[in-house]
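Protein chains in written order, with my numbering: chain A, 53 to 449; chain B, 11 to 332. The beta carbon of each residue, even a glycine, is placed where N, CA and C say it ideally should be. What follows is a single structure, written as structure tokens, with notes after it.
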Amino acid sequence: MRPKIARLGGVLAVGVALTVGLAACGGSDSGSTSGGGDSAAPTTLKIGFMGDLSGENSGIVIPPKNGAQLAIDEYNATNPKVKLELITYDSRADATTAVSLAQKAIKDDKIVGLVGPAFSGESKQAVPLLEEAKIPNISASATNVDLAKNGWKFWHRVVPNDGVQGPAIADFIAGAAAAKNVFVVDDKSEYGKGIGDAVRGELKTKGATVTDDALDPAATDYSSTVNKIAAAKPDAVFFGGYYAGAGKLLKQLRDKGSKAKFFSGDGSLDKGIIESAGAPQAEDALIGCPCRIPTPAETDEKVKKFAADYKAKFGADPLIYATEGYDAATAFTKAIGGGATTPDAINEAIGKSDFDGISKHIKFDPTGEPSAKSIYMYQIKGGQIGLLGDTTTAKLG
Amino acid sequence: MFDNLLGSFWPYTIDGLILGSIYGLVALGYTMVYGVLRLINFAHSEVFMIGTMASAFVVMTLGITAPLTGFALVGGLLLMVLAGGAASAGSAMLLERIAYRPLRKRGASRLAALISAIGASLFLQELFALVIIPHVFNRPQQGRNQMGIARIMNKDTLFTLGGAQIRVDQVLIFVAAIGMMILLDLLVNRTKIGRGIRATSQDPETAVLMGVDIDKIVRMTFLIGGLMAGIAGALFVLQFEVTKFSIGFLLGIKAFTAAVLGGIGNLRGALVGGLFLGLIENYGAAIFGSGWKDVIAFSVLVLVLMFRPTGILGESLQQARA
Chain A
53 MRPKIARLGG
63 VLAVGVALTV
73 GLAACGGSDS
83 GSTSGGGDSA
93 APTTLKIGFM
103 GDLSGENSGI
113 VIPPKNGAQL
123 AIDEYNATNP
133 KVKLELITYD
143 SRADATTAVS
153 LAQKAIKDDK
163 IVGLVGPAFS
173 GESKQAVPLL
183 EEAKIPNISA
193 SATNVDLAKN
203 GWKFWHRVVP
213 NDGVQGPAIA
223 DFIAGAAAAK
233 NVFVVDDKSE
243 YGKGIGDAVR
253 GELKTKGATV
263 TDDALDPAAT
273 DYSSTVNKIA
283 AAKPDAVFFG
293 GYYAGAGKLL
303 KQLRDKGSKA
313 KFFSGDGSLD
323 KGIIESAGAP
333 QAEDALIGCP
343 CRIPTPAETD
353 EKVKKFAADY
363 KAKFGADPLI
373 YATEGYDAAT
383 AFTKAIGGGA
393 TTPDAINEAI
403 GKSDFDGISK
413 HIKFDPTGEP
423 SAKSIYMYQI
433 KGGQIGLLGD
443 TTTAKLG
Chain B
11 MFDNLLGSFW
21 PYTIDGLILG
31 SIYGLVALGY
41 TMVYGVLRLI
51 NFAHSEVFMI
61 GTMASAFVVM
71 TLGITAPLTG
81 FALVGGLLLM
91 VLAGGAASAG
101 SAMLLERIAY
111 RPLRKRGASR
121 LAALISAIGA
131 SLFLQELFAL
141 VIIPHVFNRP
151 QQGRNQMGIA
161 RIMNKDTLFT
171 LGGAQIRVDQ
181 VLIFVAAIGM
191 MILLDLLVNR
201 TKIGRGIRAT
211 SQDPETAVLM
221 GVDIDKIVRM
231 TFLIGGLMAG
241 IAGALFVLQF
251 EVTKFSIGFL
261 LGIKAFTAAV
271 LGGIGNLRGA
281 LVGGLFLGLI
291 ENYGAAIFGS
301 GWKDVIAFSV
311 LVLVLMFRPT
321 GILGESLQQA
331 RA
């Protein structure tokens, strides 16, 4: 049996190597990696990016990957002593896949840091492995509150969590939108239920009447939920979940004749919501996000330059979490540019990060949470997602 | 708890019936193939998916930006239904030719055919996710994303019934679905082909001795089942205006449930089972919350099968005499 197994192992190894090779083809322009483990310090280090790059929610993961790629390419263009290479790991948002990819990244690719995992569910499963292997990781988009409560030393994120986002959106619903009767729907996912509950809790403290329901994001017919909403006649509807579900719900709600203001969180901040709902139905929908997306009417010079560079490189506008992906990768380039080359040293340097990123000022508290906690409100107008402003100051037109 | 259901009884009923009629149309394919071959065609959910894709492709190719009216609308709708029906019927027959007939000719067990069905189902899903959606629909790297489809007709309210607004498209879907089922019932009970289908399901060997061409009957069964699924796909696109590579999965399970609920092998059972399932789902969701929708639907299935193991109408295709 042995030779057979060995052969099988060989085939697998070749397969894996091919996959990695293909994945790495993405955009690294740095030369060869240092082959052997000889005495000289390696000249190229590997940084991973993990997230759903080809699945259903890849629309909110590809932009941060591109952002990270841009940061690393810009860093390499300065001809530093230690160059960086970005390796992508497509987890398809599946926790089991994320775990096996993390093992591969640690053991085979020997990454010194990881941008990601992108989502909360996969982070919960994969981060313990990174923690054990002492690999620093910074997520650009995982927003579940509990992630910061694990005592992880090597984990960070550059977005405020749902515990900040949910209440900020709820304050906006009760404040600027002046809604008294709110219907909250979630998609029962780790993220959707988390942010839905945060919104429910905050709305109740503001004295609003809250009715709730849940839906299955994989289903298409939401008529029972829509009928409940129609019967409750709310001023506003909040949906906790991702854009595919949000779009279908919004369309069926408008077709039923409901004119309630529609709100959702960062999971819905993608053009996919407009495509699924149809532009006329999506008009005026409001979406909160801890992310800072450059808009055409941008005034901040730094953000403007980032948007131009991004567009030149990838031929697309920087969408959700592109700036955060850039900032997460920048935390790595700054640490490594500052002379840290081992995962431990890099982690220590990241912990001391203190610089103005594109999305916000980047500084981490001891649990790995970002210090800056602004939540932004976006609104769909004429089939485009536009920035309305910071939730604490934005007004509804 | 019941206030919700009683307060909006009619809206829940109408929506349940519309969805139920689509379930019923898809269920026909499961039930007919089972009646004739004693095979659960698990790839039928993908036949439905192909129907939605073909109708979506029509809407896309027509370049519709605003809802159509008048003759243009009638033409557009007919084209959608034709494309959906043709694509689904074609793929169902191809499926029979490639995935089932070789096994049947070699006398393989039904279990082998079941595995073949699951394999075909996965193959078709991935084919759309990896090749057809990125290339034919020109959506590179988005093969697994949901596709929004432009609105082809205005969804105006036609009349109200007990607080439920009934829209044009809903009436259209319901009438079309029920009409197709009546036509099919007539076909099976009144024509020569239908007699062949009934004879084959009753006793294939005797049917052959009596001069029935079994291969032709099996082909016709898949063709009719596929046609119904394709029309269901077109109606689905009209109603929900979305599709994706895995759209058939959940709907396929529901339609299969509807077929079993009504009595698998029984054509009228598929309709009854579909409408019943659609209503139960919506009433259950109204009482316990939408999160419990599927739990309620499947609990009812278990209950019905406990007391009536052959389903609501019970009798099978062979006994359905005109």
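query: Where does residue 202 of chain B land, buried or exposed, given buried means 16+ other C-beta within 10 angstroms?; result: exposed
query: Of all Cβ atoms in chain B, is any one closer than 9 Å to the Cβ of residue 280 of chain A?; result: yes
query: Give a yes or no on whether the minimum CB-CB distance between residue 432 of chain A and chain B is below 9 Å.; result: no
query: What residue does the beta strand (DSSP E) around residue 249 of chain A start on, and which one ends it?; result: Premise fails: residue 249 of chain A lies in the alpha helix (DSSP H), 242-257, not in any beta strand (DSSP E).
query: Cα separation between residue 235 of chain B and residue 40 of chain B?; result: 7 Å
query: Does chain B have any CB closer than 9 Å to the CB of residue 201 of chain A?; result: no
query: Can you find at least 3 beta carbon pairs, one from the segment 23-31 of chain B and one from the segment 217-237 of chain B, that sit closer than 8 Å?; result: no
query: Whole angstroms are fine: how far does the CA of residue 242 of chain B sit from the CA of residue 97 of chain B?; result: 12 Å
query: Using the three-state DSSP reduction, which class does residue 164 of chain A fall into: helix, strand or coil?; result: coil
query: Which residues of the segment 363-380 of chain A have a Cβ closer than 7 Å to any Cβ of chain B? Give them in chain order.; result: none
query: Taking the straight line between their C-alpha atoms, what separation do you get for residue 137 of chain B and residue 239 of chain B?; result: 19 Å
query: Hey, would you say residue 218 of chain A sits closer than 9 Å to residue 247 of chain A, going by beta carbons?; result: yes
query: If you measure from the beta carbon of residue 76 of chain A to each beta carbon in chain B, is any gap under 9 Å?; result: In this prediction, residue 76 of chain A scores a pLDDT of 42, lower than 50, which makes its location untrustworthy; no coordinate-derived value is stated.
query: Please report the straight-line C-alpha distance between residue 139 of chain B and residue 418 of chain A, rounded to a whole angstrom.; result: 43 Å
query: So residue 276 of chain A is in the alpha helix (DSSP H); what residue range does that whole segment cover?; result: 275-284
query: Can you tell me whether residue 122 of chain A is buried or exposed, with buried defined as 16 or more other CB within 10 angstroms of its CB?; result: buried
query: With a floor of 4 residues, list each alpha helix (DSSP H) that falls wholly inside the segment 101-144 of chain A, ordered by position along the chain.; result: 114-129
query: Just tell me which of A/114, A/392 and A/386 has its CA closest to the CA of residue 126 of chain A.; result: A/386
query: Would you call the segment 205-222 of chain A and the segment 173-193 of chain A touching, i.e. three or more CB-CB distances under 8 Å?; result: yes
query: Would residue 116 of chain B be called buried (16 or more neighbouring beta carbons within 10 Å of its own) or exposed?; result: exposed
query: At a Cβ threshold of 9 Å, is residue 307 of chain A touching chain B?; result: yes
query: Run down chain A in chain order and give the residues with a C-beta less than 8 Å from the C-beta of residue 29 of chain B.; result: 273 and 275
query: Would you please verify whether the beta carbon of residue 154 of chain A is less than 9 Å from any beta carbon of chain B?; result: no
query: Helix, strand or coil, according to DSSP, for residue 131 of chain B in the structure here?; result: helix
query: Return no unless some Cβ of chain B is closer than 9 Å to the Cβ of residue 304 of chain A.; result: yes
query: For residue 318 of chain B and residue 221 of chain B, what's the separation of their Cα atoms in angstroms?; result: 36 Å
query: Counting contacts by CB-CB distance shorter than 9 Å, is residue 421 of chain A in contact with chain B?; result: no
query: In its own chain, which residues sit with a C-beta less than 6 Å from the C-beta of residue 7 of chain B, not counting the 5 before and 5 after it?; result: The displayed coordinates of chain B run from 11 to 332. Any statement about residue 7 of chain B would go beyond what the structure contains.
query: Answer yes or no: do residue 58 of chain B and residue 258 of chain B have a C-beta to C-beta separation smaller than 9 Å?; result: yes
query: What does residue 283 of chain B touch in chain A if you count any residue whose Cβ is under 7 Å from its own?; result: Those do not exist, as residue 283 of chain B stays about 17 Å from chain A at its closest Cβ, beyond 7 Å.
query: Within 9 Å (strictly less), CB to CB, does residue 79 of chain A reach chain B?; result: Confidence at residue 79 of chain A is low in this model, with a pLDDT of 39, below 50, so the placement of that residue is unreliable and no value is reported for it.
query: On a Cα-Cα basis, can you pick out the residue from A/276, A/356 and A/438 that is closest to residue 338 of chain A?; result: A/438
query: Does the CB of residue 22 of chain B have a neighbour CB from chain A at under 9 Å?; result: yes
query: Quick one, are the C-beta atoms of residue 207 of chain B and residue 321 of chain B less than 9 Å apart?; result: no
query: Are the segment 298-311 of chain B and the segment 57-73 of chain B touching by the rule of at least three beta carbon pairs closer than 8 Å?; result: no
query: Residue range of the beta strand (DSSP E) that residue 163 of chain B falls in?; result: Element bounds for residue 163 of chain B: n/a, residue is neither H nor E.
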